[in-house]
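One structure is given below, encoded as structure tokens.
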Amino acid sequence: MSTQPEFHDRMLALGLARVAEQAALASATLVGRGDEKAADQAAVNAMREQLNMLDISGVVVIGEGERDEAPMLYIGEEVGTGNGPGVDIALDPLEGTTLTAKDMPNALTVIAMGPRGSMLHAPDVYMDKLAIGPGHPEGIVTLDMPPATRVSALATEKGCLPKDITVCILERPRHEDMIEEVRSTGASIRLITDGDVAGVMHCADSATTGIDMYMGQGGAPEGVLAAAALKCMGGQMSGRLLFRNDDEKARARKAGIEDLDRIYTRDEMVTADVIFAATGVTGGSLLPGIKREPGWLETTTLLMRSKSGSVRRMTYRTPTE
Ligand SMILES: O=P(O)(O)OC[C@H]1O[C@](O)(COP(=O)(O)O)[C@@H](O)[C@@H]1O
Ligand SMILES: [Mn+2]
Numbered sequence: 001m002s003t004q005p006e007f008h009d010r011m012l013a014l015g016l017a018r019v020a021e022q023a024a025l026a027s028a029t030l031v032g033r034g035d036e037k038a039a040d041q042a043a044v045n046a047m048r049e050q051l052n053m054l055d056i057s058g059v060v061v062i063g064e065g066e067r068d069e070a071p072m073l074y075i076g077e078e079v080g081t082g083n084g085p086g087v088d089i090a091l092d093p094l095e096g097t098t099l100t101a102k103d104m105p106n107a108l109t110v111i112a113m114g115p116r117g118s119m120l121h122a123p124d125v126y127m128d129k130l131a132i133g134p135g136h137p138e139g140i141v142t143l144d145m146p147p148a149t150r151v152s153a154l155a156t157e158k159g160c161l162p163k164d165i166t167v168c169i170l171e172r173p174r175h176e177d178m179i180e181e182v183r184s185t186g187a188s189i190r191l192i193t194d195g196d197v198a199g200v201m202h203c204a205d206s207a208t209t210g211i212d213m214y215m216g217q218g219g220a221p222e223g224v225l226a227a228a229a230l231k232c233m234g235g236q237m238s239g240r241l242l243f244r245n246d247d248e249k250a251r252a253r254k255a256g257i258e259d260l261d262r263i264y265t266r267d268e269m270v271t272a273d274v275i276f277a278a279t280g281v282t283g284g285s286l287l288p289g290i291k292r293e294p295g296w297l298e299t300t301t302l303l304m305r306s307k308s309g310s311v312r313r314m315t316y317r318t319p320t321e
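Under UniProt numbering, think of the first position of the sequence shown as 1, with each following residue one higher.
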């Protein structure tokens, strides 16, 4: 019989916050310096170092890429001291590398952790995503609906008009038709240049962010991370993997995905209770960015547990040499 301890979400939560914090601090001096790669690398190094201090037997299931393309935090990499529960880890050490390099809003360090088998092993392909906030009957908007129908369905459910709905969409040429169709309903669109984990998370708190719905195609790894966040904050999300060629399909099959056309709900992407931490790198509507003052640095981290629905905002201040 295995003597491996169980995943204890309360015990591990603080450790997870530290991982996100340190990744953000490592990229602090690279905010606004135009060097995406350096900012990303600094966050990756710090995240890996911190993860390896935790008493877990961790496996990266959503990471920086496959082993042959990512020297660190690759999919399948084992992290942690090995003395502790078996856990799955999904991470994006710097979600919004371009946002960081250009000092634009909503760059985050992101990490989620759950028991083994708790998160979809999505390969690094695109995902078609749709998300709304909490408090609505399951399935009132679906990926199968045309964009305009999603808007009208949500407006009807909210008891408002389409013009009162704000949709967040990544500004990409591939979304031109979707944008036009959503605009034709009278709805407002918040276009973002990057960062759809934050984009989806905005839906969970529409009173603060002003965003009612997220839709469009972005990274599948970011999709699973966003599903983990919404599982903690409340809200619906669905995602369908998108494949551009046979190589991408082969990657999915290698990751154990059989039905390539399947639409996953939030709880099918994240099947057990998880913990989630994100630290603001640049300031945005979810979190303030890193504050740099002579002699000290300050970060703010969102730390959440889906089991309890608890959401903490933690400010961390550390002296610099
Ligand atoms: O830029 P693309 O190819 O449209 O991909 C979109 C993805 O890139 C991002 O905007 C930024 O991700 P990274 O900073 O981690 O590269 C994600 O939020 C989004 O899912
Ligand atoms: Mn990312």
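We put the beta carbon where it would ideally sit given N, CA and C, even for glycine.
Residue i vs residue j beta-carbon contact at 8 Å
i      : j      : result
Lys231 : Val270 : yes
Thr279 : Leu30  : no
Arg313 : Leu297 : no
Gly255 : Ile111 : The sequence given here places Ala at residue 255; Gly does not occur at that position. No; because the gap between Cβ atoms is not below 8 Å, this pair is not in contact.
Val200 : Ala250 : no
Gly76  : Ser57  : no
Met233 : Ala252 : no
Asp196 : Leu161 : no
Ser285 : Thr209 : yes
Gly159 : Arg116 : no
Glu64  : Val44  : yes
Val59  : Leu73  : no
Ser206 : Gly133 : yes
Ala23  : Met47  : yes
Leu241 : Leu260 : yes
Arg237 : Arg266 : Here residue 237 turns out to be Met, not Arg, going by the sequence shown. In contact: Met237 and Arg266 (Cβ atoms closer than 8 Å).
Pro221 : Ala122 : yes
Gly34  : Ala101 : yes
8 Å contact criterion, which residue i and residue j should meet: CB distance rounded
i      : j      : result
Asp124 : Gly239 : Rounded, the Cβ-Cβ distance is 14 Å, inconsistent with contact.
Ser310 : Val274 : Wrong, their Cβ atoms sit about 13 Å apart, outside the cutoff.
Glu95  : Tyr316 : Not quite, the Cβ-Cβ distance comes to about 19 Å (not below 8 Å), so this is no contact.
Pro146 : Glu181 : 7 Å
Leu225 : Ile89  : Actually they do not touch by this definition, with Cβ atoms about 11 Å apart.
Gly295 : Thr318 : About 10 Å separates the two Cβ atoms, so there is no contact after all.
Leu99  : Pro93  : That belief does not hold up - the Cβ atoms of Leu99 and Pro93 are roughly 14 Å apart, past 8 Å.
Ala227 : Gly114 : Actually they are not in contact, since the Cβ atoms of Ala227 and Gly114 sit about 11 Å apart, beyond 8 Å.
Residues of its chain near residue i, where Cβ-Cβ distance is below 6 Å and the 5 sequence neighbours each way are ignored
i      : result
Gly139 : none
Lys291 : Glu298
Leu51  : Val19, Val79
Glu157 : His136, Ile140
Gly32  : Asp103
Arg10  : none
Tyr214 : Ala131, Cys168, Gly199, Val200, Cys203
Ile263 : Leu143, Ser238, Arg240
Tyr126 : Gln217, Leu242
Limits of the beta strand (DSSP E) - the one that residue i falls within
i      : result
Gly218 : 213-219
Val167 : 166-170
Asp9   : Careful: Asp9 lies outside any beta strand (DSSP E), inside the alpha helix (DSSP H) at 9-27.
Glu293 : 291-293
Which residues DSSP lists as bridging residue i, in chain order
i      : result
Tyr316 : Thr299
Asp88  : Val59, Gly114
Arg150 : According to DSSP, Arg150 bridges with nothing at all.
Leu130 : Met215, Ser238
Thr265 : Ser238
Ala277 : Ile111, Leu303
Glu78  : Val59
Ser310 : Arg305
Own chain partners of residue i with C-beta closer than 7 Å, once the 5 adjacent residues on each side are dropped
i      : result
Ala42  : Ala26, Ser27, Leu30
Thr97  : Glu36, Ala39, Asp40
Arg174 : Gln217
Glu6   : Pro85
Ala17  : Ala277, Thr301, Leu303, Met314
Ser118 : Asp88, Val270, Thr271, Ala272, Val274
Cβ shell of residue i (< 8 Å), same chain only, five flanking positions each side left out
i      : result
Ile189 : Thr166, Val167, Cys168, Ile169, Ile179, Val182, Arg183
Gly186 : Leu161, Pro162, Lys163
Val151 : Pro162, Ile165, Val167, Val182, Thr185, Ala187, Met213
Met1   : Its pLDDT being 45, under 50, Met1 is placed unreliably by the model, and nothing is read from it.
Limits of the alpha helix (DSSP H) - the one that residue i falls within
i      : result
Ile179 : 176-184
Glu49  : 36-51
Leu191 : That residue, Leu191, is in no alpha helix (DSSP H); its beta strand (DSSP E) goes 188-192.
Ser285 : Run containing Ser285: none; DSSP gives neither H nor E here.
Val31  : Per DSSP, Val31 belongs to no alpha helix (DSSP H) and is neither H nor E.
His202 : 196-202
Glu248 : 246-254
Thr271 : Premise fails: Thr271 is in no alpha helix (DSSP H) and is neither H nor E.
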